[in-house]
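K.L.:
In the working numbering, the protein residues as written are 242 to 473.
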């Protein structure tokens, strides 16, 4: 079903669950629950409500798809969500190591993967099969509506975060062209891992004018050219 998404619905709901997919689901569910709980012990950000909604929707989708044996299409959603995460974590490590050029490069790579998967592959690959192919093969049923509403909610969040990434990147490039060239400057707490409030973005970009002289790393600070925040 990775290459032929219609396979997600043939013989549904009587599809066997391989043990590797079972453990994959358990690990993903545990990971998102950890993100959910860590929000309440972390410094409260302005995007708290959006992040909470995202984690809640993701946990609901993982649980709901497992209970309803929609594991095949569920793995497609999880793979797309995981595709950009390792680049984000690598960029953070470069940030903490003060390797700014590497950090900026990884952020650009992350942005391209994030936008192409969330705004490209997700609607074309996932939403197409959950909305249209499933309707054609198995027809609508009560849980079908719930599942697709949650997926559409995720798509709205993807669009919002992609807009923030594009805006932040454009402003960072503009600042680099305005004066002496510096590697790409990117905002500090986008989505909390790229989910930022526009106010936080503004303050970081304005602070970036001071250059690279004094830096303070935070464990969840993100990709600012010499201006980091203490997040945790």
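Virtual Cβ for every residue (Gly too), placed ideally from N, Cα, C.
Since I believe residue 319 is in contact with residue 269 (beta carbons under 8 Å), could you give me their beta-carbon distance rounded to a whole number of angstroms?
P.N.:
5 Å
K.L.:
Verify whether the separation of the beta carbon atoms of residue 305 and residue 384 is less than 9 Å.
P.N.:
yes
K.L.:
I need the DSSP call for residue 381, collapsed to helix, strand or coil.
P.N.:
Shown here, residue 381 sits in coil according to DSSP, grouped into three states, outside any helix or strand.
K.L.:
Would you kindly check if the distance between the Cβ of residue 250 and the Cβ of residue 378 is under 9 Å?
P.N.:
yes
K.L.:
Here's the rule: buried if 16 or more other CB atoms are within 10 angstroms of the residue's CB, otherwise exposed. What is residue 345?
P.N.:
buried
K.L.:
Does the beta-carbon of residue 334 have 16 or more other beta-carbons within 10 angstroms, so that it is buried, or is it exposed?
P.N.:
exposed
K.L.:
Quick check on DSSP: helix, strand or coil for residue 356?
P.N.:
helix
K.L.:
Residue 355: beta carbon under 8 Å from a heavy atom of the ligand HEM?
P.N.:
Although the ligand HEM was asked about, the structure shown includes no ligands whatsoever.
K.L.:
Leaving out five residues before and five after residue 357 in sequence, what residues of the same chain have Cβ atoms less than 6 Å from its Cβ?
P.N.:
If we look at residue 357 and ignore the five residues flanking it on each side, it has no Cβ neighbours.
K.L.:
Quick one: residues in its chain with C-beta nearer than 6 Å to the C-beta of residue 266, no 5 flanking neighbours on either side, listed in chain order?
P.N.:
Hits under 6 Å: 307.
K.L.:
Whole angstroms are fine: how far does the CA of residue 289 sit from the CA of residue 263?
P.N.:
30 Å
K.L.:
Using only alpha-carbon positions, find the residue among 271, 283 and 313 that is nearest to residue 371.
P.N.:
313
K.L.:
Looking at C-beta atoms only, is the number of pairs between the segment 285-300 and the segment 381-395 that lie closer than 8 Å three or more?
P.N.:
Yes, the segment 285-300 is in contact with the segment 381-395.
K.L.:
Which same chain residues end up closer than 7 Å to residue 276 when comparing Cβ atoms and leaving out the 5 residues on each side of it in sequence?
P.N.:
296
K.L.:
Of the residues 353, 340, 243 and 338, which one's Cα is nearest the Cα of residue 326?
P.N.:
353
K.L.:
Less than 9 Å between the beta carbons of residue 317 and residue 387, yes or no?
P.N.:
no
K.L.:
What residue range does the alpha helix (DSSP H) around residue 320 cover?
P.N.:
312-323
K.L.:
Residue 266 by DSSP, collapsed to three states: which one?
P.N.:
helix
K.L.:
Could you tell me how far apart the beta carbons of residue 303 and residue 398 are, in whole angstroms, since I believe they sit closer than 8 Å?
P.N.:
Between residue 303 and residue 398 the beta-carbon gap is near 16 Å, outside 8 Å, which marks them as no contact.
K.L.:
Whole angstroms is fine: what's the gap from residue 409's alpha carbon to residue 258's?
P.N.:
The straight-line gap from Cα to Cα measures roughly 42 Å.
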